[in-house]
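Note sheet for the following structure.
2 protein chains.
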Amino acid sequence: MGPWTIFLVAVLLAAALGGEQAAVQAAVVKYDWTVDYLSAAPDCVERLIIAINGQFPSPTIQAVQGDTVVVNLKNNLPTEGVTIHWHGISQKGTPFSDGAAFVSQCPINPGEIFTYKFVVDKSGTYFYHGHFGMQRAAGLFGSLIVSLPPGEKEPFSYDGEFSLLLSDWYHQSIYLQELGLSSIPFEFVGEPQSLLIQGRGKYNCSLDLCPVGSPDCLQCNASANAACAAPFVLPVQPGKTYRLRLGSAAILSSLNFIIENHNMTVVEADSHYVEPFVVDNLDIYSGQSYSVLITANQEPTRNYWVGLNVRGRLPATPTGLAVLQYLPSNSSSGLLLPPTPAPQSPVWNDFAVSVAQAEKYAAKTGLAYSAPPAKSHRLLIFLNTQNTIDGHIRWAINNISYVPTATPVLAAFKFKLWKAFDQTPPPDRPPPSDNHLDIYATPNANSSHARYGNGVYVFKLGEVVDVVIQNTNTLNPNNSEIHSWHLHGHSFWVLGYGKGVFDPQTDPAQRYNLVNPPLRNTVAVFPYGWVAIRFIADNPGAWPFHCHIEPHFFMGMGTVFAEGIHNLPHIPSQTLGCGLTKPNW
Amino acid sequence: MGPWTIFLVAVLLAAALGGEQAAVQAAVVKYDWTVDYLSAAPDCVERLIIAINGQFPSPTIQAVQGDTVVVNLKNNLPTEGVTIHWHGISQKGTPFSDGAAFVSQCPINPGEIFTYKFVVDKSGTYFYHGHFGMQRAAGLFGSLIVSLPPGEKEPFSYDGEFSLLLSDWYHQSIYLQELGLSSIPFEFVGEPQSLLIQGRGKYNCSLDLCPVGSPDCLQCNASANAACAAPFVLPVQPGKTYRLRLGSAAILSSLNFIIENHNMTVVEADSHYVEPFVVDNLDIYSGQSYSVLITANQEPTRNYWVGLNVRGRLPATPTGLAVLQYLPSNSSSGLLLPPTPAPQSPVWNDFAVSVAQAEKYAAKTGLAYSAPPAKSHRLLIFLNTQNTIDGHIRWAINNISYVPTATPVLAAFKFKLWKAFDQTPPPDRPPPSDNHLDIYATPNANSSHARYGNGVYVFKLGEVVDVVIQNTNTLNPNNSEIHSWHLHGHSFWVLGYGKGVFDPQTDPAQRYNLVNPPLRNTVAVFPYGWVAIRFIADNPGAWPFHCHIEPHFFMGMGTVFAEGIHNLPHIPSQTLGCGLTKPNW
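Chain order of the listed sequences is A and B. Quick note: the first sequence uses the working numbering, first residue 1, plus one each step. Quick note: the second sequence uses the working numbering, first residue 1, plus one each step.
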């Protein structure tokens, strides 16, 4: 619970080489962290949080591209294991540091210290979070910012920056949430109680009393002086430009970020530069990160709301609020709240607006960008369905609903522990009976034979893989939900989106952007639509690919990709000990 | 969550030997259990429970002396490890099946199946419970009844029997309780909300509204028809005698069990026969078990309350109630509640009454009873103190406050992993500065230098060990608390109790009973008093010795005894994998 400590150990590489060039410093950035319970009230309602060094959100990691980050993580929880996933970090050569429980490592037992060690090989905006059960929903997340090396410049300029980790927030414990998701009948916790901006929100009024966007809602959602949850403040100088680093650790919600009267120029998505474009509201799906530039070019005698709303699901949560504070005039006597209603986002179910924004993303070419290979070696079509298995509601991909192994998949490949997981790889395509996919049917005929499984997709090293994620109707009539798919260990090109059923004969030619598709690690698939991604299987390891909506992954919506399984690095002992990786002494 | 299954595999030993004697059957009693969360309301208030096969209390094990019990335990909790301790079972030859987390085994990880296998070598009344963090307080406990082999008879007779597991019950989650106990400032959950008899109680009134024992309290504490928590019913035939098997899984409370108008004859304590004696109320300390005989010799036209009260701490919990139902007249139209107030126990702080009852216990000699060796080889004096360490309130023994290791102590001895725990054994006596113990001082000068530790007391195989547990004042003036000390892997003789400071020169001669002291596995030490026990270190293994009050052990009130460390059996792989027992592949 003590303060966290940072040690910067400079390693002078160039100096060691004795070259004539200026010394290039690659540092080791070291953190000593303890995971503990914390009882806190980020939205004014006390609840149990899983915190690092007593902080919520967890501490921010600051590193420079090329640095090695070392985190000594002590698990001080009494009975829970824990792991931390460094979301978006490639983990080249260190797949055992990816922090996905039962894929890259065994959970860290209570009392153990686990050392995560990895190179941050690309500048950008990242975050990290718990990746075991639903521990992210217990508040176990924090920012990870990787700056450019000294001397390198971003392809845009700004005068200052803020980092805002965005999240939805529940009052029910994760244990009850997990129980409900596993129960017959299924019990879902529903919409979040609050939306948090950098860990702050305010819960004290119902939507009945306080409709979203109503001026009456202000006193409920923000207060300058409340002991709990004073809104996060972004102080700006008139005329200056700021970079906002945004990340969504949301559990369920598709978020929309908006700043009163201020446009935002999107310049980065998931650590990759994008061709700049201007929006007045930004969709952020769980697991995504962005940088936007804003200029403080509005009337400077007042302040402005920074707002966070739910999209994609019928909102039942008031706007989360922060304050853009114009300096110096508004900082003299406490925080002046903006005199206006909370900012509104587009109507929750106007999916066309969301798709249109998603389709605006294009990579900023030049710099370090590589266009995708013109062709892929393999096409996977992943039919997302909601199913009933043995009375449980489960999500499935091509009729397989993922259940975690008891043995880390990475170790299973390394040590040939073939009993650790299903040895039949899951299908590349929806079942044969689904040649004529009816994605609008419910219950979905495509998924009538869904079953539990944990088979792995194995790729050759260097294989170019396309995955088309095909959305369908849920178990409820006329309902299809947004999913936010995240791939560990890689960035992928987002080749295109479409409505209806993906047609492998025509859609690639008609709808794929192979020139400057954006690189990402997390992409949304929209209701009744599909999204196509391409990646190169060039990172030896075992990598979860899953919906980042936490209850969805908990309910089976994911799988594991493995590649370079004959080129795996040494697996440290500390990642082992569970399942089939117990010693036989 | 499915129904639990039992397989009885008869192994005909004598038949295999081909002798002329009647076949002696030693069975293998097999259970397949799954540990899951359960949301249930044993006292009418919903809370999260850790349950086995969806049941609270957990399923009862029924076995016959000499049987081998096999429990395949699947941990289906999302992120928590789990272990089960078979309280009172000697585990001769199977110390790795004792179920004490980080002493006998690593916690069982989520998704793993662990097989407990042990012989129940002595008939009697036992129970089992979680032994990791405070999981027992989450409701993880159940009965374990070992019957005599066919043909053998108890030294008392009865017409029927009931098994009642007794417990106190909190509404706060164990995670918050654990956090509070570790916090600065210390936050204690306080007195329990309810007392449960065989998992049933009723919480809906405050002590203000409903003083303990008040007739107005009846509707609060028992109802014949409530959907939740109908009181447990013990149907009896007039004139018949019944054996009540009682066990206390209490978290904090010293319990007092009482049946309106009915005396109880105590015949068994912690699976050992005692010289029968009659009480009208029975003290039961956490971790203890008893058999009492009652005869249904009262007016049979009405029913009678079975009551459970708190003693030893200022009670803030209404009487827990069950109903002794006289058949057949009172069973026709639902359950008739007794027309009387809830039964009262002796005043909570009349410790003289408690000590007097404790001193009534004597072993029933003859049968299998052995008197203790006349002398011990080694005397440990364990000064129990409450201390402050680095701002945390902790319990300590001779100034050492136990912190769990990350490596099972048993495996550490077997595989010589000496870095697993403190290699300096803890002291046999209170520190030298404490030659003149002032057990009434507060803060206690004896404990001004308490520190964290996890050293182990190591005994030679066969060594006869005396432990005198010496109570003191807590950090609060004029306050000394009851503790209930439990030894794993052994029964011990309770040689005697005393007030004030134990004097090794005079007390053994004056106060020890070496003729027929009772054998037990759990004994209370009373405020400002001491208790002396003797045991033979004849069970190769590593065995926790600790206060069975769950927050006390969580706060360091315990230690580990090891013996026969050169004669340890093979340690199964399934118990390993944590701490220093990870494989180095």
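From the three backbone atoms N, C-alpha and C, an ideal C-beta is built for every residue, glycine too.
Under the DSSP assignment, G130(B) falls in the beta strand (DSSP E) whose first and last residues are 124-130. Chain A has no Cβ within less than 7 Å of the Cβ of T68(B).
In the three-state scheme derived from DSSP, where H, G and I count as helix and E and B as strand, S39(A) is classed as strand. The beta-bridge partner set that DSSP reports for W169(B) consists of S194(B). Look at L576(A): its C-beta is under 7 Å from a C-beta on chain B. Between the stretch 403-417 of chain B and the stretch 357-373 of chain B there are fewer than three inter-stretch CB-CB distances shorter than 8 Å, so the stretches are not counted as touching. Residue state for T575(B) is assigned as helix, using DSSP reduced to three classes. The continuous stretches of beta strand (DSSP E) do not include G500(A), and DSSP gives it neither H nor E. Taking C-beta atoms as the reference points, W305(A) and G556(A) fail to come closer than 7 Å. Residues of chain B whose Cβ lies closer than 9 Å to the Cβ of G111(A) are, in chain order, F102, V403, P404, T405, A406, T407, C578, G579. Below 8 Å, enough C-beta pairs join the stretch 556-574 of chain A and the stretch 532-541 of chain A to call them touching: three or more. By the CB criterion at 7 Å, S157(A) and S123(A) fall outside the cutoff. The continuous stretches of alpha helix (DSSP H) do not include V279(A), which lies in the beta strand (DSSP E) extending over residues 272-279. Going by DSSP, A374(A) is part of no beta strand (DSSP E) at all; its letter is neither H nor E. If you check each beta-carbon in the stretch 367-386 of chain B against every beta-carbon of chain A, none falls closer than 7 Å.
By the neighbour-count criterion, in which 16 or more other beta carbons inside 10 Å mark a residue as buried, S370(A) falls on the exposed side. Between L48(B) and S173(B), the C-beta spacing is below 7 Å.
In terms of beta-carbon proximity, F132(B) lines the interface with chain A, with at least one pair separated by less than 7 Å.
Within chain A, the residues whose beta carbon sits less than 7 Å from that of Y175(B) are Y37, L48, listed in sequence order. Under the 7 Å criterion on CB atoms, E80(B) is classed as interfacial with respect to chain A.
With fewer than 16 other CB atoms across the displayed protein chains lying within 10 angstroms of its CB, K419(B) is exposed. Residue environment: Q105(A) is assigned as buried (16 or more neighbouring CB atoms within 10 Å of its CB, all protein chains considered). Sequence-distant Cβ neighbours of H486(B) in its own chain, meaning closer than 7 Å and more than five residues away, are G287, N521, T522, H546, H548. Exclusion of the five residues before and after N281(A) leaves N256, I258, S345 as the residues of its chain whose Cβ lies within less than 6 Å of its Cβ.
Considering only beta carbons, no part of the stretch 528-552 of chain A lies closer than 7 Å to chain B. Taking C-beta atoms as the reference points, G142(B) and P59(B) count as a pair closer than 7 Å.
At a Cβ-Cβ threshold of 7 Å, N398(B) and P430(B) count as neighbours. Contact with chain B is absent for S97(A), since none of that chain's Cβ atoms lies less than 7 Å from the residue's Cβ. Under the three-state reduction of DSSP, G180(A) is assigned to helix. Taking C-beta atoms as the reference points, A374(A) and N516(A) fail to come closer than 7 Å. Within a 10 Å sphere around the beta-carbon of A509(B) sit fewer than 16 other beta-carbons, which makes this residue exposed. The count of Cβ pairs closer than 8 Å, one atom from the stretch 462-474 of chain B and one from the stretch 572-581 of chain B, stays below three, leaving the stretches out of contact. V69(A) places its beta carbon 7 Å or farther from that of F132(A). The alpha-carbon of Y31(B) is positioned some 30 Å away from that of V45(B). Closer than 7 Å to the CB of S573(A) there is at least one CB belonging to chain B. Secondary structure of I397(B) (DSSP, three-state): strand.
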